[in-house]
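Below is one structure, written out as structure tokens; comments come after it.
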Amino acid sequence: MRNPELYAALWRVLPGPWWVKLLILLVLITALLFCLVEWIFPWVNTLLPLPDVTVE
Amino acid sequence: MLRIEVMSEPPVVTRRSLRNARKKRERRISIVGIFGELLITCGVLVFLFLGWQLWLNDLILGAVDNKDAAELSKVWDTTNNFTDDEPQITTKDYGDPVVSTAPAEGKTFAVMYVPRFGKDWVREIAEGTGLTDVLNTRRIGHYDNSQMPGEIGNFAVAAHRLTYGAPFKDINLLRAGDKVYVKTEKGYYTYVVRNLEYVDRHGVGVLYKVPQTEGKDPTARVMTIMSCNPVWSTAERIIAYAVYESWRPITAGPPAEIAPLVNAKP
């Protein structure tokens, strides 16, 4: 095993020449961002205290 | 006799040997390295979340509500048989405004146009100022104990300045003389911004029928537009007061300034 770090390992696991790896990686990042924006961030938001804008 | 001395070769430093040495060093499992990478990942995720919460999501939700409000406005035009084909009388006094009765809690009963907030800015106004049922649904909330649009007294609304669509993101940009148009099923109520005021979060005086004057009978129609202040905090409230100017029934069509927006084809 060469670089034992995570992202280096991921890069090695991906098949093909460097540009195929890059392409796969970009697709993966896009998918991850989509999941974050669509489901994970809204869920995290519900755990945060609510900002109040009214007077009481 | 000839003696040939065979000298042991000194270790030659080549590129290959360097690389091999490096490989050997890297072969050690780096717990700290992996932990560090995880921490960096978490940091990036936190920044992504902040970017989403404070910027991207407001753009998304704002656009959604802009569309919803524009559609609702169109529905009211249709149910009142208003078409923008007929020539419109742009200046005419339509007398005292028609005042609707208070709608059910949580119902969207008006839309608001503020050219200062953007030439295509329009948002929904719903009854009540509950966080979960109105304000966090990207709409503007109407204080249910305040008056209705066009009614003598105080028409008070509040909305987020940041997060949940941030309808009043630019409330601090309002200037004296800016127009605020409220449209309901009945028609258009035009208010003109008078001044800004900053109060703390218990400053309920802004909701009085005559703002900041308790128990006084109102003679004027004012509008209180409220959000939190400063931008990243909820310690204070920023208030924009607007004074009623005129009214147009819905069949008379929109006021000239917002006519292109109201009549825009979807």
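These protein sequence lines are chains E and C, in that order.
If you count by the numbering used here, then the first sequence holds residues 1374 to 1429, one letter each, in order.
If you count by the numbering used here, then the second sequence holds residues 14 to 279, one letter each, in order.
We put the CB at the ideal spot given by N, CA and C, even for glycine.
For residue 220(C), no alpha helix (DSSP H) encloses it, and the DSSP letter there is neither H nor E. Nearest CB-CB separation between residue 57(C) and chain E: not below the 8 Å threshold. Counted as a single uninterrupted DSSP element, the beta strand (DSSP E) harbouring residue 137(C) occupies residues 135–140. When CB distances to chain E are screened at a threshold of 8 Å, the residues of the segment 63–85 of chain C falling below it are 65, 66, 69 and 70, in chain order. Shown here, residue 262(C) sits in a strand according to DSSP, grouped into three states. Contact annotation: the segment 179–199 of chain C does not touch the segment 213–227 of chain C, with fewer than three C-beta pairs closer than 8 Å. Chain-ordered, the chain E residues with CB closer than 7 Å to the CB of residue 240(C) read 1426. DSSP, read as helix, strand or coil, puts residue 120(C) in coil. Per the C-alpha coordinates, the member of 43(C), 66(C) and 49(C) positioned closest to residue 1413(E) is 66(C). Two segments are said to touch when three or more pairs of C-beta atoms, one from each, lie closer than 8 Å; by this definition the segment 173–180 of chain C does not touch the segment 203–210 of chain C.
By DSSP's assignment, residue 166(C) forms a beta bridge with 234(C). Straight across, the Cα-Cα distance linking residue 118(C) with residue 142(C) is about 9 Å. Take the alpha-carbon of residue 116(C) and the one of residue 1427(E): they are about 20 Å apart.
Chain-order list of chain E residues neighbouring residue 50(C): 1378, 1379 and 1380, by C-beta distance under 7 Å.
Each residue's CA atom was taken as its position, placing residue 158(C) and residue 239(C) some 15 Å apart. For the 8 Å CB-CB criterion, residue 203(C) and residue 267(C) do not form a contact. The same chain holds no residue with a CB closer than 6 Å to that of residue 44(C) once the five nearest residues on each side in sequence are set aside. The continuous beta strand (DSSP E) containing residue 209(C) extends over residues 200–213.
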